[in-house]
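Comments concern the structure below.
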Amino acid sequence: MSTPIYNYQAIPGFFAHDTEDHQSLTLPPIPPRLGLLDDSSDRWRNFRKRITELDEEARKENGSVKVFFFARHGQGWHNVAEAKYGTKHWDAEMSIKNGDDDIIWGPDPELTPIGINQAMEARRGWEEELAFGITLPDKLYSSPLVRAMDTLRVTFEGIFRGDTEKQPTVLVVENCREENGIHTCDQRRSRSFIHERFPTFEFEEGLTEEDELWDAEIRETKAQVSKRAQDVLDYIFQKDTDSTYISVTAHGGIINGFLQAIGRPSFPLLTGGILPVVIKCRRR
């Protein structure tokens with residue numbers, strides 16, 4: 019296996035999620051100030067100033083710093099089904115089915131009404147911080163699964179105040195999908211379906227018409243998920259050199275893959291939750 023060209027590390031100290039004891043935190047999905055520790059009226063200006071300083075320092079070492087807002091999709095019908103049957107029975111038997119007499123969870127399930135409300139709560143979280151000068155994302159990335167794309171659409175609806183020049187591109191990226199294989203909920207729809215439903219979203223180059231990655235017999239390992247996450251980071255830091263603030267709307271498994279790739283322990287992000295992380299990239 020080749021050695022990665024880039025090295026990533028999280029820069030802690032800005033958000034409540036950054037604490038080493040974060041596993042014991044009882045944070046809501048959308049904490050006050052999106053988790054920012056600074057509660058002053060100038061909090062986002064202070065944050066922006068410090069990020070600029072860190073980025074300038076990193077560039078002296080052939081690196082850079084970006085702020086990622088990792089968002090987990092709202093509740094989907096597969097989440098309801100797993101709660102109904104319990105995780106053990108879900109993983110062993112029910113996850114390979116498309117549904118039961120009451121619920122359809124595969125392939126690629128829809129958001130539940132609760133999930134839609136969770137995405138609206140995420141939007142309110144952003145709206146509340148606009149009054150305090152939060153910097154909106156320069157670029158929006160999404161998993162190609164419907165539950166993530168709908169969450170992104172609801173979350174950012176109206177956030178950019180209808181200014182089409184300020185509305186960032188939404189890029190659908192295959193590697194942002196959930197831990198893949200066996201579970202029917204993680205099998206994506208066709209490219210044509212996605213384009214028809216989300217006509218303003220753009221696709222990364224090479225996104226296939228049909229899902230060629232999902233395997234009914236094999237589940238990805240955590241290491242493989244983390245490698246996918248690192249590939250996404252490589253892409254963003256190489257291609258989006260002018261973008262400092264990045265939103266990635268995805269899934270619990272791949273978000274923990276990102277955390278593993280930057281040397282942070284996993285985080286139990288709830289459905290509809292937002293996890294901001296400051297990431298420094300250095301070329302090895």
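Counting from 19, one number per residue, gives the positions in the sequence shown under the working numbering.
For every residue, glycine included, the Cβ atom is placed at its ideal position computed from N, Cα and C.
Contiguous beta strand (DSSP E) assignments of at least 3 residues, all confined to the stretch 189-256: none
Residue burial classification, Ser82 (beta-carbon count within 10 angstroms, cutoff 16): Working through the sequence shown from its first residue, we reach residue 82 at position 64. Flag for Ser82 reads buried.
Which of helix, strand or coil DSSP assigns to Arg302: In the sequence shown, counting from the first residue as 1, residue 302 sits at position 284. Note: Arg302 maps to coil in three-state DSSP.
Residues sharing a beta bridge with Tyr26, DSSP: Taking the first residue of the sequence shown as 1, we reach residue 26 at position 8. Looking at the DSSP assignment, Tyr26 forms a beta bridge with Cys299.
Arg90 (DSSP reduced to helix, strand or coil): In the sequence shown, residue 90 corresponds to position 72, counting from 1. Strand.
Ala149 - DSSP class collapsed to helix/strand/coil: The residue given as residue 149 occupies position 131 in the sequence shown. Three-state DSSP puts Ala149 in coil, outside helix and strand.
Helix, strand or coil at Lys78 according to DSSP, with G and I counted as helix: Within the sequence shown, residue 78 is the residue found at index 60, counting from 1. It is coil, neither helix nor strand.
Terminal residues of the alpha helix (DSSP H) in which Ile10 lies: The shown model of the chain, from 19 to 302, leaves out residue 10, and the question about it has no answer.
Selected residue, minimal CA-CA separation from Tyr253, among Leu189, Leu163, Glu100, Arg179: Translated into the one-based positions of the sequence shown, residue 253 becomes position 235. Comparing Cα-Cα distances from Tyr253 to each of Leu189, Leu163, Glu100, Arg179, the minimum goes to Leu189.
Rounded distance between the beta-carbons of Thr187 and Ala140, thought under 8 angstroms: Residue numbering aside, residue 140 sits at position 122 when the sequence shown is read from its first letter. Residue numbering aside, residue 187 sits at position 169 when the sequence shown is read from its first letter. With 8 angstroms as the limit, Ala140 and Thr187 do not qualify as a contact, their Cβ atoms being about 19 angstroms apart.
Beta-ladder partner(s) of Ile292, from DSSP: The count along the sequence shown starts at 1 and reaches residue 292 at position 274. Ile292 pairs with Ala89.
7 angstroms Cβ cutoff met for Cys203 and Pro131: Taking the first residue of the sequence shown as position 1, residue 203 is located at position 185. Taking the first residue of the sequence shown as position 1, residue 131 is located at position 113. No; because the gap between Cβ atoms is not below 7 angstroms, this pair is not in contact.
CA-to-CA distance, His96 to Ser160, given in whole angstroms: Counted from its first residue, the sequence shown places residue 160 at position 142. Counted from its first residue, the sequence shown places residue 96 at position 78. Cα to Cα, Ser160 sits roughly 19 angstroms from His96.
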